[in-house]
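In our numbering, the protein residues as written are 435 to 584. Worksheet: the structure to be examined is printed underneath.
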Ligand SMILES: [Zn+2]
């Protein structure tokens with residue numbers, strides 16, 4: 435459940451209009467269990483996986499329309515050294531550029547280091563969050579101190 439409804443959110447739908455969110459400098463936010471996301475669940479051990487997310491309409495350093503995706507939470511990953519559960523703390527902000535069509539998508543992809551999201555129609559915030567989580571989760575997680583001190 436989003437904690438507040440931003441004006442860009444279509445009523446009765448989780449989807450939002452990226453162009454409008456960017457123009458309004460709007461914010462969408464919510465809380466979810468990452469274990470409920472199919473592409474993330476495969477990467478998790480058993481346990482709570484609470485994630486707070488926020489998507490803000492913004493622009494990048496040269497003024498191109500962008501979304502800032504903030505994620506904060508904790509995910510149960512398998513430590514690749516001891517094979518125990520490592521509760522990995524996540525706190526990050528990622529900016530993605532928004533393309534209105536395939537041509538713009540290709541051009542932005544060429545011109546920028548940033549990720550580019552294609553928004554030909556309303557976007558599903560949870561899909562953006564899932565994409566970012568899949569990219570953020572370390573390939574070979576390890577306890578910083580392993581075995582962990584009790
Ligand atoms: Zn370990």
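Just so you know, even glycine gets a beta-carbon here, dropped at the ideal spot from N, CA and C.
Would you say residue i and residue j are within 8 Å of each other, going by their C-beta atoms?
i: residue 563; j: residue 517; result: no
i: residue 470; j: residue 478; result: no
i: residue 526; j: residue 574; result: no
i: residue 520; j: residue 457; result: no
i: residue 510; j: residue 483; result: yes
i: residue 485; j: residue 501; result: no
i: residue 566; j: residue 528; result: yes
Who does residue i pair with in a DSSP beta bridge?
i: residue 529; result: 502
i: residue 493; result: 499
i: residue 485; result: 466 and 507
i: residue 550; result: 531
i: residue 521; result: 510
i: residue 461; result: 490
Whole-angstrom Cβ separation of residue i and residue j, contact assumed at under 8 Å?
i: residue 558; j: residue 460; result: The pair is not a contact, with the Cβ atoms about 16 Å apart (cut-off 8 Å).
i: residue 487; j: residue 463; result: 6 Å
i: residue 548; j: residue 539; result: The Cβ separation is near 12 Å, so there is no contact.
Hey, would you say the C-beta of residue i is under 7 Å away from at least one heavy atom of ligand 2?
i: residue 581; result: This structure lacks ligand 2; the ligands present are ligand 1.
Any chance the region 447-464 sits against the region 527-542, with 3 or more Cβ pairs inside 8 Å? yes
Quick check: the region 495-510 against the region 563-577, are at least 3 beta-carbon pairs closer than 8 Å? yes
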